[in-house]
Every structure is written in C-alpha cells, then in structure tokens.
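Colleague:
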Amino acid sequence: MKVTIYGSGYVGLVTGACLADVGNNVLCVDVDERKIENLKNGVIPIYEPGLENIIKTSMAQGRIDFTTDMARAVAHAELQFIAVGTPPDEDGSADLQYVLAVAKTIGDHMDSTRIIVDKSTVPVGTADKVREQVAERLAVRGMDIPFHVVSNPEFLKEGDAIADFTKPDRIVVGAEDEYAIEAMRELYAPFSRNHQKLIVMDVRSAELTKYAANAMLATKISFMNELSQLAERLGADIEKVRIGIGSDPRVGYQFIYPGCGYGGSCFPKDVKALERTAREVDFDARLLAAVEARNDEQKTVLFRKIDQYFKGDLKGKTIAIWGLAFKPNTDDMREAPSRVLMEALWAAGASVRAYDPQAMEEAQRIYGDRDDLTLVEHPMEAVDGADGLAICTEWKIFRSPDFEEINNKLVTPVIFDGRNLYEPSRMKHYGFDYYAIGR
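Counting from 11, one number per residue, gives the positions in the sequence shown under our numbering.
(1) Enumerate, from N- to C-terminal direction, the unbroken beta strand (DSSP E) stretches of 3 or more residues contained entirely within the stretch 165 to 240.
(2) Could you compute how far the alpha carbon of residue 185 sits from the alpha carbon of residue 123?
(3) I'd like to know whether the C-beta atoms of residue 216 and residue 130 end up nearer to each other than 8 Å.
(4) Any beta carbon of chain B sitting closer than 8 Å to that of residue 60?
(5) So the beta strand (DSSP E) residue 161 belongs to, where does it begin and stop?
(6) Determine, using beta-carbon pairs with one atom in the stretch 409 to 422 and one in the stretch 251 to 259, whether at least three such pairs fall under 8 Å.
(7) So, with DSSP's three-state summary, where would you put residue 356?
(8) Just to check my reading of the structure: residue 363 and residue 330 have Cβ atoms closer than 8 Å, yes? What is that Cβ distance to the nearest angstrom?
(9) Going by beta carbon distance, what residues of the same chain come within less than 8 Å of residue 143, once the five residues before and after it are set aside?
(10) Since I believe residue 358 is in contact with residue 383 (beta carbons under 8 Å), could you give me their beta-carbon distance rounded to a whole number of angstroms?
(11) Near residue 275, what residues of its chain come up, given a Cβ to Cβ distance below 6 Å and the 5 sequence neighbours on each side ignored?
(12) Counting Cβ pairs, one atom from each stretch, are 3 or more of them under 8 Å apart for the stretch 70 to 83 and the stretch 175 to 185?
(13) If I measure Cβ to Cβ from residue 455 and keep anything under 7 Å in the same chain, skipping five residues before and after, which residues do I get?
(14) Following the continuous alpha helix (DSSP H) through residue 76, name the residue where it begins and the one where it ends.
(15) How long is the line joining the alpha carbons of residue 316 and residue 361, rounded to whole angstroms?
(16) Using CA coordinates, which residue listed in 219, 349, 390, 397 is at the minimum distance from residue 165?
(17) Answer yes or no: do residue 175 and residue 24 have a C-beta to C-beta separation smaller than 8 Å?
(18) Can you find the residues in the same chain that come closer than 7 Å, C-beta to C-beta, to residue 171, ignoring five residues on each side of it along the sequence?
(19) Does the stretch 100 to 107 touch the stretch 285 to 294, meaning 3 or more C-beta pairs lie closer than 8 Å?
(20) Along the beta strand (DSSP E) that carries residue 365, what are the first and last residues, could you check?
(21) Which of the three DSSP states, helix, strand or coil, is assigned to residue 117?
(22) How far does the beta strand (DSSP E) with residue 422 in it reach, from first residue to last?
(23) Mapping the DSSP letters down to three states, classify residue 57 as helix, strand or coil.
(24) Does the Cβ of residue 367 have 16 or more other Cβ atoms within 10 Å, making it buried, or fewer, making it exposed?
(25) Between the alpha carbons of residue 309 and residue 318, how many angstroms are there, rounded?
(26) Is the beta carbon of residue 16 less than 8 Å from the beta carbon of residue 94?
(27) What number of angstroms, rounded off, separates the C-alpha of residue 245 from the C-alpha of residue 448?
(28) In this structure, what does DSSP give as the bridge partners for residue 328?
(29) Would you check if there are 3 or more beta carbon pairs closer than 8 Å linking the stretch 233 to 251 to the stretch 138 to 155?
(30) Could you tell me the distance, in whole angstroms, from the CA atom of residue 312 to the CA atom of residue 424?
(31) Quick check: what's the CA-CA separation for residue 453 versus residue 97?
(32) Just verifying my parser: in three-state terms, what is the DSSP assignment at residue 376?
(33) Quick check on DSSP: helix, strand or coil for residue 338?
(34) Need the endpoints of the alpha helix (DSSP H) that residue 256 sits in, please.
(35) May I ask you to report which of helix, strand or coil DSSP gives residue 291?
(36) Which runs of the alpha helix (DSSP H), 4 residues or longer, sit entirely within the stretch 82 to 128?
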C-alpha cells in the first residue's frame, strides 16, 4: 500500500519505518528542509534502538522516501497519516495548529478520495476539526471529493517503539464507515497475523482512549511515588511494598516503580491536556490534577535530599549525575527529572558533572556551554572528584558498577539514587551514605 506520513519526528519516523519494513511504499514529509536532507543522507534525528537500520534498509530498497513537497505528499497516497507535534499551549491544552495545517494542505491539493488518519495524540473532537478544515478548503476550490477521517492513536514506548509497533497489544481505530475501516485493516494485517488486534470504535472514543491510557499509567506512577513518601516517614521499604502489591494480578508489576518522577513527551503533556479538556466541558478532574502535582513535587525530591545532606551549603560543590534522558534507551530529555535537579543545583551554587549513554548531545543542545556543567564520556569520569553521586535514569550500565572505585573517586561517599537501583544493605557494606526513594 502507498502511505503518506506528515511529520518526521518520533511517531512519524517509527510509523513510516515499520510500515515500509513490511513492504509498503511510504513517503515521509516535513517542513524542516534540513531534517529531510539529513534523512535522505541516512542521518536519523532521534535515537531509538533498531530504527536507523530499518530506515536505511528500506531506503536502499526504495520503500521509503522523504520530501518537503506538499503537493507530492498529497498525491502520493490515498492513506494520509498526520503525525505532527501537538505541543502544550500556555493553558496546558494541546496546540493543534500543525495538525490543522496538514488538514488544510490535504484539502488544498487532493484530487481524489483520501483517508486522513490522525496518528498524533490529539484531544477529543480533533477529527471533527480536521474534517471541517478539509471540507472548507475543498469548498473554496469548488470541489466535491469524498474523504474519510480516522483516529488511529499510537501506543509507542520510547526505547521499545519498534517492538510496540510491530508486535502491538492492540491497534485502535476510530472510524465511521466501512471503507476506511477496511483500508486500516489491510494496512495493519502484517502486524495482526496470529490474532486480530484491530479494535474498532467511534472516533471520539478512540481519541479519548489514547489520553486515558497515558493518564492511567501516569496515575500508577504518581500513586507509587506518593506511597514512597509515606513509606519513608513510616520506616517502611517501598520496594518491599511494590513486590507485595505487584504480586496481585489485579495490580501487576508494570508502572509501579517509585522514582524521581516521570518525564518525556507524552505523560506530562497528555495529563495536562486531558485535564484541560475536562475543564472545557465544566468537569473538575481532581485526580488528574493530583497526578500532575505529585509528579512535579517528586522531581524535587533528589535535590531536597542532596540539599539536606549538605546542610543547605551546596555552593562550590560538584555533584555527579548518572542519567540525563527521562528514561533508558532514548536521548529524549523533555520534562526529564535530571533537568529539574541540575537547574536546582545550579541555583544553589553547585556544579554538575554528568554522563548519559545517549543524551549528551541533547544536553549540550539544551544548555550550551556553561562553567557549571561538564559532560563526560564515562560514568567513572563523572564521579572522579565529585562531592556526591545522583542517579536520575536507570540505564543498564549503572546497575552493577564498581562500587569500590566509586567510593575512592568521590570526595564524599554518598549516593542519591532516584531509581532505587541498589540494595541499602549493600551500599552500607561498601561504606556509602545511601539515599533512595521511599527506603
């Protein structure tokens, strides 16, 4: 099948790559000329395990191409996927200007039936706005061309996106007519071979499903983080509690790991957007507000522990930080807890020496050159001469380090573990002061 995908960011590239990998003819379009030129030369703008290899292989075999030519993009395929960004507006709502700009472009150029698929995470009612925008442009042109608008939300985890797309738990399709549903069924058939994974529903329910899924997962994380604060005050170990409740199949072990807060491009933005959507229909979504507030507070926990340990005197101190990305297996630092920690340390007069396996370039892009930030090439280089170590991301490389070497290199043998990677008794054995979350 031929597919056009607008937006060559995270969702667009993963979607395009995986669809091309099973034999489809995919054209990815973006307004960023430099990004498109880099993609044509095999330079992938994001880090996602396996993505680069799939794109390069599909390019070599002519199954995927990249362009900034909007007329070519509309003409390429009946299936038109919108995968552009929906950044949060000042009031927390999703900014739909890029989604609606694509809808306008399709309406301006289409000359036969198009199936327009909203892949971006968008508020309930967006499909109606896309439909109105396309119809308006067709009316201006004096054209009466049939088209269909479908909601097909993505459920991709950064770091596992290829597996999530190719071996999905479910494929949600919101559509009103059988023609569009059958086209989506055919497109996703290669990913539903062992059993039918397509879940068909009305468009508004599909739009809400995406927000509901992310809000539910964020709620589990914030709930565990709230319990971690309680556990510390009661003298309990939240990790033991986690195992105790996770063994109940009604709860499960996924997304109940306490830590220094969630980040990324999805959870923070989507919780805010859903809360804003609730306000627009005069509903007070108090639980969503609490989830967001708990997460914002949780991101300050590591700094408070560090500040308390050094008795409020951090001026001139150097803190080593392991992990800058908001989670492992990505270079994404959007809303990352590491950013909150670093900025608080700088405000207190401390310096940071940081290491991350993938996010070093992103950190340099965000913060530039500054005297109080040193980005190093090895985790042990970060702790050498530092006054303490803080862990913000649970990369595998940090799980079993040489603790004796860490102890020898640190000026003060203290670890502030925002991801509960180590056992407190083991840290005591190695001579560390050890501060984790809820332990």
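C-beta: ideal position from N, C-alpha, C; glycine also.
Modeller: On the basis of the data shown:
(1) 181 to 184, 208 to 211
(2) Translated into the one-based positions of the sequence shown, residue 185 becomes position 175. Translated into the one-based positions of the sequence shown, residue 123 becomes position 113. For residue 185 and residue 123, the distance between alpha carbons rounds to 15 Å.
(3) The residue given as residue 216 occupies position 206 in the sequence shown. The residue given as residue 130 occupies position 120 in the sequence shown. Their beta carbons are not under 8 Å apart, which means residue 216 does not touch residue 130 by this criterion.
(4) Absent from the structure: chain B. Only one protein chain is present.
(5) Numbered from its first residue, the sequence shown carries residue 161 at position 151. Unbroken beta strand (DSSP E) run through residue 161: 157 to 161.
(6) no
(7) Along the sequence shown, one-based indexing puts residue 356 at 346. Three-state DSSP puts residue 356 in a helix.
(8) Counting from one through the sequence shown, the residue named residue 363 turns up at place 353. Counting from one through the sequence shown, the residue named residue 330 turns up at place 320. Sure, about 5 Å apart at Cβ, within 8 Å.
(9) Here residue 143 refers to the residue found at position 133 of the sequence shown. So the list reads 110, 113, 114, 117, once near-sequence residues are dropped.
(10) Residue numbering aside, residue 383 sits at position 373 when the sequence shown is read from its first letter. Residue numbering aside, residue 358 sits at position 348 when the sequence shown is read from its first letter. Incorrect: roughly 14 Å between the Cβ atoms, too far for contact.
(11) Walking along the sequence shown from the start, residue 275 turns up at place 265. Closer than 6 Å at Cβ, skipping near neighbours: 344.
(12) no
(13) In the structure as shown, the chain begins at 11 and stops at 449. Residue 455 is therefore absent and cannot be evaluated.
(14) Translated into the one-based positions of the sequence shown, residue 76 becomes position 66. Careful: residue 76 lies outside any alpha helix (DSSP H), inside the beta strand (DSSP E) at 74 to 77.
(15) Mapped onto the sequence shown, residue 316 falls at position 306. Mapped onto the sequence shown, residue 361 falls at position 351. The straight-line gap from Cα to Cα measures roughly 13 Å.
(16) For the purposes of this step, residue 165 is taken as the residue at position 155 of the sequence shown. The candidate whose alpha carbon is nearest that of residue 165 is 219.
(17) Here residue 175 corresponds to residue number 165 of the sequence shown, with the count starting at 1. Here residue 24 corresponds to residue number 14 of the sequence shown, with the count starting at 1. For residue 175 and residue 24, yes; Cβs fall inside 8 Å.
(18) Residue mapping note: residue 171 aligns to position 161 of the sequence shown, counting from 1. Taken in chain order, the residues that qualify are 24, 58.
(19) yes
(20) Here residue 365 is taken as the residue at index 355 of the sequence shown, counted from 1. Looking at the DSSP string, the run of the beta strand (DSSP E) that includes residue 365 is 361 to 365.
(21) In the sequence shown, residue 117 corresponds to position 107, counting from 1. The answer is helix: DSSP assigns residue 117 an H, G or I state.
(22) Sequence index remark: in the sequence shown, residue 422 carries index 412 (1-based). It is not in any beta strand (DSSP E) - residue 422 carries neither H nor E in the DSSP assignment.
(23) Reading the sequence shown from its first residue, position 47 is the one you call residue 57. In this structure, residue 57 counts as coil in the three-state DSSP scheme.
(24) As a first step, residue 367 is located in the sequence shown; it is residue number 357 there, counting from the start. Residue 367 should be labelled buried.
(25) Residue 309 sits at position 299 when you count from the first residue of the sequence shown. Residue 318 sits at position 308 when you count from the first residue of the sequence shown. Looking at the two C-alpha atoms, the distance is approximately 16 Å.
(26) By 1-based counting over the sequence shown, the position of residue 16 is 6. By 1-based counting over the sequence shown, the position of residue 94 is 84. Yes, they are a contact pair.
(27) As a first step, residue 245 must be located in the sequence shown, where it is residue number 235. As a first step, residue 448 must be located in the sequence shown, where it is residue number 438. Taking the straight line joining both Cα atoms gives about 9 Å.
(28) The residue labelled residue 328 in the question sits at position 318 within the sequence shown. Paired residues: 361.
(29) no
(30) On the sequence shown, position 302 is the one that residue 312 refers to. On the sequence shown, position 414 is the one that residue 424 refers to. If you take the alpha carbons of residue 312 and residue 424, they lie about 13 Å apart.
(31) Nothing can be reported for residue 453: it is not among the residues displayed for the chain, which extend from 11 to 449.
(32) The residue given as residue 376 occupies position 366 in the sequence shown. Here residue 376 sits in helix by DSSP.
(33) Residue numbering aside, residue 338 sits at position 328 when the sequence shown is read from its first letter. In this structure, residue 338 counts as coil in the three-state DSSP scheme.
(34) Position 246 of the sequence shown, counting from 1, holds the residue named residue 256. Residues 248 to 256.
(35) Here residue 291 refers to the residue found at position 281 when the sequence shown is read from its first residue. Three-state DSSP puts residue 291 in coil, outside helix and strand.
(36) 107 to 119
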